[in-house]
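Heads up: the structure comes next, in structure tokens.
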């Protein structure tokens, strides 16, 4: 009986030392941000894997042309990239994905008037890896992908701003960036104009 108590006390004292994760464990690296991002009809998670921070205003990420992209993104490789926008929502369950203010990189576009600026005209596939999987990388606060045009895109976010980095192929001639304020959805605007001084 007495030995049993001593063993129990020893176990109780040793647990805080043995049971704690080591400081070397990076728990954020174990997060899979792609869970719930593939379209499966009603069973979709409507989750977006882009760059954001806790309680941040910005949720920067890739938008796709999946018909069931209620969070703006679909991991299925058969869907095209349509832009990189600053606002998304997760778990909308049928609401609009936000996807406001899309930014789109053109690898080569001699004159801006000749660039395919509509979503239908500019959409591209993501560059599949050698094994056929997607090039999308998502980590807490970071998202990256590559397009078939050779443009590599990296996104990160602060509390109130998105940071985009576009790496163009070496053979790009006159790369351009489009900022699309039209959105092209139900609550869009048409025939608008603005002036930048």
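In the UniProt record's numbering, the protein residues as written are 1 to 197.
Every residue gets a Cβ at the ideal spot worked out from N, C-alpha and C, and that includes glycine.
- The residues 149, 150, 151, 168, 169, 172 and 175, in chain order, have a CB closer than 7 angstroms to that of residue 107 in the same chain once the five nearest residues on each side in sequence are set aside.
- Looking from the CA of residue 131, the closest CA among 122, 77, 100 and 138 belongs to 77.
- Annotated three-state conformation of residue 30 is helix, per DSSP.
- Along the length of the UniProt domain "Glycosyl hydrolase family 92 N-terminal" (31-184), whole alpha helix (DSSP H) runs at least 4 residues long occupy 119-122, reported in chain order.
- In this structure residue 28 is exposed. Its beta-carbon is surrounded by fewer than 16 other beta-carbon atoms within 10 angstroms.
- At a Cβ-Cβ threshold of 8 angstroms, residue 101 and residue 179 count as neighbours.
- With contacts defined as CB atoms closer than 8 angstroms, residue 81 and residue 123 qualify as a contacting pair.
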